[in-house]
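Here the sequence shown stands for residues 6 to 77, numbered as in our numbering. The beta carbon of each residue, even a glycine, is placed where N, CA and C say it ideally should be. What follows is a set of notes on a single structure, which appears directly below.
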Amino acid sequence: LPRLRFVFGTSVVPALDLVDRQSVTRFVSPSGRTVYQCKHILAIYLSRATGACQEQNISDQQLSALLLPEEK
Numbered sequence: 006l007p008r009l010r011f012v013f014g015t016s017v018v019p020a021l022d023l024v025d026r027q028s029v030t031r032f033v034s035p036s037g038r039t040v041y042q043c044k045h046i047l048a049i050y051l052s053r054a055t056g057a058c059q060e061q062n063i064s065d066q067q068l069s070a071l072l073l074p075e076e077k
């Protein structure tokens, strides 16, 4: 942890918290596009490196809905 904190600063603690709670989800569509549901890029990298990233296959239509939610 001290080495990670030295490299990434204080942002490493919230990132590790997201990884510990398995709050990083990777959505993969049949077209090969990938979207992560997590607003912390360091958490994405750490979850992929540790194997803690949740993965879910979704349709291209579902992916579009994630990226372009309808306004109400």
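Asked, Found
"Counted within 10 angstroms of its Cβ, other Cβ atoms place Val29 as buried (16 or more) or exposed", "buried"
"Spatial distance of Thr39 from Pro7 (CA atoms)", "32 Å"
"Rounded straight-line distance, which links the Cα of Phe32 to that of Val18", "24 Å"
"Inter-residue spacing [alpha-carbon to alpha-carbon] between Leu23 and Leu72", "21 Å"
"Arg31, DSSP secondary structure in three states", "strand"
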